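Scroll down for the structure; my scribbles are underneath it.
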Ligand code: ATP
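Residue numbers (the working numbering): 20 to 360.
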């Protein structure tokens, strides 16, 4: 059987380091995959004059699945977000982010064994990129919320919760202020909730959600949010379980999927072999499962858990001094220690 092709976009900042580490870990699982490596963002802009070259789109179109390192989005100008452009182009409407405590990782909430899932709408809201200057000194940024996109992310989240036997979905909003836009999102979530009466459903205002998340994070199971709230609350939730170095993400559409870490390109530690590759490795676990490579996914997941439970090898973000390479060596060794199958 020929190997399954996957698009690999290493990205920039710490992207190439964590992408290389993750590709090594995937190879060690024995999964039958091969990478088609393509560049996007500032690296591609310098080489080809395009921040998102056609070869990236063609590759993802062909393979249907990509593993992507973070790509820096210039602040206040420059080219638009590659991440947002890819999500929109391939209509990857569901951003799925499981936030789980890892064994042996000390946090303020270690005793709670947190296990939450974030569903973030991925295609609209204030990420529509519709901004303009009305008159000098006044700019307008348009928040787009549609019934179609809100209903499909809500149905996706409730459907997933039911299939996975989860208990509760918290729908997050600010409909007391944005009565029309967030009001529409809320009504769509209510419609999906009515279609899944087995799943408990609550509605929480976003600011109160942030308070509850740091006071009583164990009361949350699944969070359903619009795009911007989802972005912000994801970083907060990552902090609850040990930081951005750990939390994976999947951007899912009906025909394509892109797997990436929740974290950005972390320019402050780029090129130092210091980044924690766990987040992208956990994204690779999600990707392998999506590809039907269940054994390979389980091997990689178990290896990561064993390295954390053993407590010997930790990257700097978690108070250790292991390099990206040393952490990857440990994960690969943990896989080799357990026979295949
Ligand atoms: P973006 O806006 O592009 O999503 P961000 O504002 O969330 O980015 P990051 O680039 O993710 O910012 O980095 C935030 C902080 O977290 C930085 O100090 C960075 O060093 C740290 N960080 C992020 N990812 C990792 C990682 N994989 N390993 C270690 N530290 C990380």
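The C-beta atom is built at its ideal place from N, Cα and C for all residues, glycine as well. Keep in mind the model is a prediction, meaning the values are calculated, not measured.
Helix, strand or coil: which one does DSSP assign to residue i?
i	result
residue 127	coil
residue 77	helix
residue 320	helix
residue 326	helix
residue 308	helix
residue 281	coil
residue 98	coil
residue 66	helix
residue 376	Nothing about residue 376 can be read from this structure; the chain reaches only from 20 to 360.
residue 109	coil
residue 91	coil
residue 25	strand
residue 3	The question about residue 3 has no answer here: the residues shown for the chain are numbered 20 through 360.
residue 137	strand
residue 57	coil
residue 189	strand
residue 170	helix
residue 116	strand
residue 151	strand
residue 303	helix
residue 395	Because the chain in this structure spans residues 20 to 360, residue 395 falls outside the shown range and cannot be described.
residue 85	strand
residue 142	coil
residue 50	coil
residue 276	strand
residue 157	strand
Would you say residue i reaches chain C, if we count a Cβ-Cβ gap shorter than 8 Å as a contact?
i	result
residue 116	Any reference to chain C falls outside this structure, which holds one protein chain only.
Please check the pair residue i and residue j, which I expect to be a contact at CB under 8 Å, by giving their CB distance rounded to whole angstroms.
i	j	result
residue 91	residue 32	6 Å
residue 141	residue 119	Wrong, their Cβ atoms sit about 21 Å apart, outside the cutoff.
residue 86	residue 306	6 Å
residue 166	residue 203	6 Å
residue 54	residue 135	Not quite, the Cβ-Cβ distance comes to about 31 Å (not below 8 Å), so this is no contact.
residue 149	residue 161	4 Å
residue 255	residue 229	6 Å
residue 284	residue 30	7 Å
residue 241	residue 318	That pair is no contact at about 27 Å.
One question on the structure: do residue i and residue j come within less than 8 Å of each other, judged by their Cβ atoms?
i	j	result
residue 207	residue 169	yes
residue 115	residue 271	yes
residue 26	residue 61	no
residue 325	residue 353	yes
residue 72	residue 34	no
residue 74	residue 52	no
residue 24	residue 82	yes
residue 316	residue 308	yes
residue 253	residue 137	yes
residue 180	residue 218	yes
residue 265	residue 133	no
residue 145	residue 246	yes
residue 139	residue 226	no
residue 341	residue 302	no
residue 213	residue 36	no
residue 244	residue 84	no
residue 164	residue 183	no
residue 59	residue 28	yes
Going by the C-beta, is residue i closer than 7 Å to any heavy atom of the ligand SAM?
i	result
residue 295	Because the ligand SAM does not appear in the structure shown, any question about it cannot be addressed here, the ligands present being the ligand ATP.
Cβ contact check for the region 34 to 44 and the region 333 to 352: 3 or more pairs under 8 Å: yes
Three or more C-beta pairs below 8 Å linking the region 227 to 236 and the region 97 to 106: Output reads no: the region 97 to 106 does not touch the region 227 to 236.
Touch test, the region 149 to 166 against the region 185 to 195, Cβ-Cβ under 8 Å, three pairs minimum: no
Any 3 or more C-beta pairs closer than 8 Å across the region 164 to 178 and the region 278 to 288: no
Validate contact between the region 125 to 134 and the region 254 to 264 using beta carbons, cut 8 Å, 3 pairs: yes
Runs of beta strand (DSSP E) wholly within the region 212 to 273 (minimum 3 residues, chain order): 219 to 224, 241 to 244 and 267 to 271
At least 3 beta-carbon pairs within less than 8 Å: the region 43 to 57 vs the region 313 to 322: yes
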